[in-house]
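Data first, discussion second: the structure below is written as structure tokens.
There are 2 protein chains.
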Amino acid sequence: MSSPRKVSDSTVRRLSSYLRILRDIQSDGTHTVSSERLAELGGLTSAQVRKDLSFFGNFGVRGRGYDVGDLRTALTGILGLDRTWKTVVVGAGRLGSALISYPEFPNQGFAIVGVFDVDPSKLGRRIGDCEIRPVQELRDYAERESISVGIIATPRVAAQEAADHLVAGGIRAILNFAPMALDVPPGVTVRHVNLAIELEGLSFAITESSNVPTTIETGDAD
Amino acid sequence: MSSPRKVSDSTVRRLSSYLRILRDIQSDGTHTVSSERLAELGGLTSAQVRKDLSFFGNFGVRGRGYDVGDLRTALTGILGLDRTWKTVVVGAGRLGSALISYPEFPNQGFAIVGVFDVDPSKLGRRIGDCEIRPVQELRDYAERESISVGIIATPRVAAQEAADHLVAGGIRAILNFAPMALDVPPGVTVRHVNLAIELEGLSFAITESSNVPTTIETGDAD
């Protein structure tokens, strides 16, 4: 507990998972929850749950568990979900258009305020409340409007250029749907939604089950 | 190395990653690659790379590394990417429509042959080559057409019912975009694309960097 260090990605994912569980049980009318119950619902050990939550404050009441409402409010604040982040989408194709209408973004505080594309034939058209603007204006727009988050929904070949514009415009968080790794400076967080990897996982699972039984083992603990 | 066991999810993800790297370096004209170079490009240790690949056969040539073409072919086969999987989409809204047009699906061997929705006003309309059919026909269709994969792109409330129809129709692999866990029997593989978790990770990162420095630490090794 001495030297501060960065919270790991997997811890943040577990915090997300706790928050989702708390929402569900609160809507069922549950007011307190034990670390054992949270662990069971999240597929974790209760020691892990107590450890994760203890880093962020003292939420538990001994012998009684956690207050669901208090813990939910605390996690919402820790995850920054009580704020609104101004967000732009780069790429106004089918995927970009679907994302702009995706209700999870505003629900989570990501307000999409601008859409950018390279295709001159799309410029000036509207998707939802946003007019499609040329990608050349992205940097200035992001700077002027203090945009926090960029969503890249371009084809692979345009993704790095989109990232460069976003970074130049001062954006520190990118959600990348393009099937490639982005080169960004330290201090910029990229989350990659890689459908190809999910598809390959599915393909592997059904290949394996339709073959003769394999005798493969792995050395992984997971 | 004695008793066979299931290949872990993280091993499969690393195989996907190796395959992506091999494609990239092959298109640059590289013919052989060392485990050290693969490790460097994938952000892993060379011991991990050698261990992963040794489970699936003896691809390496001592002192020379792996033949890029041979290893690529082998991984493509292991991941089942040399086959075509008949795939249906449930949910013909914006997300479903975007997915039907997403080039990564056919590129990875997932041929979308059917689209289903509950909304009577959508029935009979076409998306791409597919006519939108009523979800009540899903089970029989999946059985008759030997569908391997189902993609759920419905709202949260309709997702479990969609999964039930898919499972009843004999489908063993589901890609779930709905923001909820699905209840499926053993032997059915579900991959969950959870944008909410990615969004919360981004939100956490920018909250953390815009606050006063935190003194949080985690107990994780990752």
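Keeping their order, the protein sequence lines are chains A and B. For what it's worth, numbering that gives the first Met the number 0 labels the leading residue of the first sequence as 0, then goes sequentially. For what it's worth, numbering that gives the first Met the number 0 labels the leading residue of the second sequence as 0, then goes sequentially. Idealized CB from N, CA, C, for every residue including glycine. On a predicted model such as this, the values are computed, not experimentally measured, just so you know.
- Assignment of beta-bridge partners to residue 115 (chain A) by DSSP yields A:89, A:132.
- Comparing alpha-carbon positions, the option among A:145, A:120, A:14 lying closest to residue 133 (chain A) turns out to be A:120.
- Cβ proximity to chain B below 8 Å picks out 178, 186, 188, 190, 192, 194 from the segment 178-194 of chain A.
- Interface criterion met: the Cβ of residue 80 (chain A) is under 8 Å from a Cβ in chain B.
- With respect to the C-alpha of residue 145 (chain A), the residue from A:165, A:151, A:182, A:17 having the closest C-alpha is A:165.
- Contact check between the segment 31-44 of chain B and the segment 95-107 of chain B: fewer than three CB pairs, one atom from each, fall below 8 Å, which does not count as touching.
- Put simply, the CB of residue 101 (chain B) is near chain A, with a gap under 8 Å to one of its CB atoms.
- The straight-line gap separating the alpha-carbon atoms of residue 33 (chain A) and residue 63 (chain A) is approximately 7 Å.
- Sixteen is the threshold: since fewer than 16 other Cβ atoms of the shown chains lie within 10 Å of the Cβ of residue 28 (chain B), the residue is exposed.
- Residue 173 (chain A) is bridged by DSSP to A:149, A:189.
- Look at residue 115 (chain A): its C-beta is not under 8 Å from any C-beta on chain B.
- Beyond the five residues adjoining it in sequence on each side, residue 148 (chain B) comes within less than 8 Å, by CB distance, of 84, 85, 86, 87, 109, 170, 172, 173, 174 in the same chain, given in chain order.
- Flagged as an interface residue toward chain A: residue 204 (chain B), by a C-beta distance shorter than 8 Å.
- Linking residue 115 (chain A) to residue 206 (chain A) through their CA atoms gives a straight-line distance of about 40 Å.
- Of the residues A:117, A:36, A:52, A:25, the one whose Cα lies closest to the Cα of residue 12 (chain A) is A:52.
- One alpha carbon belongs to residue 118 (chain B), the other to residue 20 (chain B), and they sit about 42 Å apart.
- Around the beta-carbon of residue 197 (chain B), 16 or more other beta-carbon atoms lie within 10 Å, marking it buried.
- For a Cβ distance threshold of 7 Å, residue set 205 of chain B lies close to residue 147 (chain A), ordered along the chain.
- Per the coordinates, the alpha-carbon of residue 98 (chain B) lies some 31 Å from the alpha-carbon of residue 75 (chain A).
- The alpha-carbon of residue 123 (chain A) is positioned some 40 Å away from that of residue 137 (chain B).
- Nearest neighbour of residue 181 (chain A) by Cα position, chosen from A:160, A:9, A:199, turns out to be A:160.
- Within the segment 2-78 of chain B, the complete beta strand (DSSP E) segments of 3 residues or longer fall at 64-66, listed in chain order.
- A direct Cα-Cα distance of roughly 13 Å separates residue 101 (chain A) from residue 155 (chain B).
- The residue among A:67, A:55, A:94, A:93 with its C-alpha nearest the C-alpha of residue 6 (chain A) is A:55.
- Inclusion of residue 90 (chain B) and residue 153 (chain B) in the CB contact set at 8 Å is warranted, their separation being smaller than that value.
- Here DSSP, grouped into helix, strand and coil, assigns residue 138 (chain A) to helix.
- Around the beta carbon of residue 143 (chain A), fewer than 16 other beta carbons lie within 10 angstroms, which makes this residue exposed.
- For the pair residue 176 (chain A) and residue 192 (chain A), the CB atoms are nearer than the 8 Å cut-off.
- Sixteen is the threshold: since fewer than 16 other Cβ atoms of the shown chains lie within 10 Å of the Cβ of residue 35 (chain B), the residue is exposed.
- In this structure, the beta-carbon distance from residue 200 (chain B) to residue 81 (chain A) does not fall below 8 Å.
- Contacts between residue 26 (chain A) and chain B, judged by CB atoms closer than 8 Å, are missing: the closest CB pair is about 13 Å apart.
- A residue is called buried once 16 or more other Cβ atoms fall within 10 Å of its Cβ, and residue 95 (chain B) is buried on that count.
- Around the beta carbon of residue 26 (chain B), a 10 Å sphere encloses fewer than 16 other beta carbons of the protein chains shown; the residue is thus reported as exposed.
- For residue 167 (chain A), the closest Cβ of chain B is not nearer than 8 Å.
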